[in-house]
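Q: Numbering (my numbering), first residue to last: -9 to 228. Just so it is clear, CB atoms sit at the ideal spot from N, CA and C, and this is done for glycine as well. Computed from a predicted structure; not experimentally measured. What follows is a structure written as C-alpha cells; I'll ask about it next.
So, in C-alpha cells, the structure goes:
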C-alpha cells in the first residue's frame, strides 16, 4: 500500500512539474512576443517623432510636452529592452560593472532637472548583472516620486565597513514613517503600484545582496544596499 502511495505521489509530482514547465514555456513565449511587439510599436512612434521634429520650430509652445513625451517613449524602450534581455535562454551573466556608470544610466531614465544629484562612489565596481541597474533606477525614482514633493538633493554614496560594501541612496525629503519600514518591501504596499521596492528587494536577494531603510522621518529616506566581500572592488575604505 505504501509502495503504491509512493508511486502515486511521484506521479503527482511529475504531473505538477509538467504543468509548471508548460506554464513557464507559455509565459516565456508570450513575454517574448510582447516585448517584440512593444519594440516594433516604438519604432513606429520614432518615425512620427521625426516628422514632428520639424513642426516644433513653428510651435515652440509644444516643445516642453513634446520633449517629455520623447523621454517617456525612450523610458518604455529602456524597460522593454532590459526585461527582454532576461528572456531564456539569454539571461545576462554577472560581470564587473562600474558603479558610477550604472548610476548615471539609471538616473538618466528619471527626470531630475530640479534635483541636485550627488554621486560619490569613487572607482567602485560591483559583480552583478543588469538587475542592479534596475534596482538603482527604482530607488532613484522612489526618492523623487515619494519624497513628499520637496526633494532637492539626492545622494548616492559608496562606502565600506567591516561587513563589506554599502551603496547608500539618500534624499532630503519627508522620510518614511517608522511604522511603515517593516512593510515597504512587501508586494502591493504603498500608494502607487507597490511593485518598485518589492522588485528591488527581490532582485537584490537574487544577487545575494540585501537592502534596508535606515533614514529618519522628517529628514529623508536612506536606503542601504549591502554587498558581501568579494562582490565589489574599490580603493575606498571609509
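(1) Between residue 107 and residue 97, is the Cβ-Cβ spacing less than 7 Å?
(2) Output the boundary residues of the beta strand (DSSP E) element that contains residue 117.
(3) Using three-state DSSP, classify residue 217 as helix, strand or coil.
(4) Go through its chain and collect everything with a Cβ distance to residue 119's Cβ below 6 Å, but skip five positions before and after it.
(5) Measure how close the beta-carbons of residue 221 and residue 116 come, nearest whole angstrom, since I'm counting them as under 8 Å.
(6) Going straight from the alpha carbon of residue 32 to that of residue 39, what length do you get?
(7) By Cβ distance below 7 Å, which residues in the same chain neighbour residue 176 in space, the five residues on each side in sequence not counted?
(8) Under a Cβ-count criterion, where at least 16 other Cβ atoms within 10 Å of its own Cβ denotes burial, should residue 62 be classed as buried or exposed?
(9) Residues in its own chain within less than 6 Å of residue 48 by CB, not counting five upstream and five downstream?
(10) Tell me the DSSP secondary structure of residue 197 in three-state form.
(11) Return the bridge partner residues of residue 147 from the DSSP annotation.
(12) Anyone know if the C-beta pair for residue 123 and residue 92 falls short of 7 Å?
(13) To the nearest angstrom, how far is it from the Cα of residue -8 to the Cα of residue 11?
(14) Return the Cβ separation of residue 147 and residue 194 in integer angstroms, given the expectation that the two are a contact with Cβ distance under 8 Å.
(15) In this structure, does DSSP put residue 102 in helix, strand or coil?
(16) Taking the beta carbon of residue 136 as the centre, do at least 16 other beta carbons fall within 10 Å, making it buried, or is it exposed?
(17) Is the separation between the beta-carbon of residue 206 and that of residue 165 shorter than 7 Å?
(18) What's the gap between the Cα of residue 110 and the Cα of residue 149?
(19) Which residue wins for smallest C-alpha separation from residue 202, given the options 34, 172, 167 and 28?
(20) Looking only at its chain, what residues have a beta carbon closer than 8 Å to the beta carbon of residue 77, apart from the 5 residues adjacent to it on each side?
(21) Mapping the DSSP letters down to three states, classify residue 173 as helix, strand or coil.
(22) By DSSP, does residue 76 sit in helix, in strand, or in coil?
(23) For residue 88, list the residues DSSP reports as bridge partners.
(24) Taking all protein chains shown into account, decide if residue 86 is buried (16 or more other Cβ within 10 angstroms of its Cβ) or exposed.
A: Judging by the given coordinates:
(1) Translated into the one-based positions of the chain shown, residue 107 becomes position 117. Translated into the one-based positions of the chain shown, residue 97 becomes position 107. Yes.
(2) The residue given as residue 117 occupies position 127 in the chain shown. Per DSSP, residue 117 belongs to the beta strand (DSSP E) from 115 to 118.
(3) Within the chain shown, numbered from 1, the residue matching residue 217 stands at position 227. Three-state DSSP puts residue 217 in a strand.
(4) Here residue 119 refers to the residue found at position 129 when the chain shown is read from its first residue. Answer for residue 119: 82 and 84, listed in chain order.
(5) The residue given as residue 221 occupies position 231 in the chain shown. The residue given as residue 116 occupies position 126 in the chain shown. That belief holds up - the Cβ atoms of residue 221 and residue 116 are roughly 7 Å apart, short of 8 Å.
(6) The sequence position of residue 32 within the chain shown is 42, counting from 1. The sequence position of residue 39 within the chain shown is 49, counting from 1. For residue 32 and residue 39, the distance between alpha carbons rounds to 10 Å.
(7) On the chain shown, position 186 is the one that residue 176 refers to. Cβ neighbours of residue 176 beyond the five flanking positions: 188.
(8) Taking the chain shown and counting its residues from 1, the one referred to as residue 62 is at position 72. Label assigned to residue 62: exposed.
(9) As a position in the chain shown, residue 48 is number 58, starting the count at 1. The answer is none, since no qualifying residue turns up.
(10) In the chain shown, residue 197 corresponds to position 207, counting from 1. The answer is coil: DSSP assigns residue 197 none of H, G, I, E or B.
(11) The residue you call residue 147 lines up with position 157 of the chain shown. In the DSSP output, where bridge partners are listed per residue, residue 147 has 110 and 158.
(12) Position 133 of the chain shown, counting from 1, holds the residue named residue 123. Position 102 of the chain shown, counting from 1, holds the residue named residue 92. For residue 123 and residue 92, yes; Cβs fall inside 7 Å.
(13) One-based indexing of the chain shown puts residue -8 at position 2. One-based indexing of the chain shown puts residue 11 at position 21. Residue placement at residue -8 is flagged as unreliable, the pLDDT there being 49, under the threshold of 50; a coordinate-derived value is accordingly withheld.
(14) Translated into positions along the chain shown, residue 147 becomes position 157. Translated into positions along the chain shown, residue 194 becomes position 204. In fact, because the Cβ distance is near 17 Å, the residues do not count as touching under 8 Å.
(15) For the purposes of this step, residue 102 is taken as residue 112 along the chain shown, with counting starting at 1. Reduced to three states, the DSSP call for residue 102 is coil.
(16) Locating residue 136 in the chain shown gives position 146, where the first residue counts as 1. Buried.
(17) In the chain shown, the residue the question calls residue 206 occupies position 216. In the chain shown, the residue the question calls residue 165 occupies position 175. Contact flag set, yes.
(18) Here residue 110 refers to the residue found at position 120 of the chain shown. Here residue 149 refers to the residue found at position 159 of the chain shown. Approximately 9 Å between the Cα atoms of the pair.
(19) Here residue 202 refers to the residue found at position 212 when the chain shown is read from its first residue. Nearest C-alpha to residue 202: 172.
(20) What you label residue 77 is simply residue 87 of the chain shown in a count that begins at 1. Counting only Cβ-Cβ distances below 8 Å, and skipping sequence neighbours, we find 18, 21, 22 and 25.
(21) Residue 173 sits at position 183 when you count from the first residue of the chain shown. If DSSP states are grouped into helix, strand and coil, residue 173 belongs with coil.
(22) Locating residue 76 in the chain shown gives position 86, where the first residue counts as 1. In the structure shown, residue 76 sits in coil (DSSP, three-state: anything other than H, G, I, E or B).
(23) The count along the chain shown starts at 1 and reaches residue 88 at position 98. 115.
(24) Within the chain shown, numbered from 1, the residue matching residue 86 stands at position 96. By the 10 Å Cβ count, residue 86 comes out exposed.
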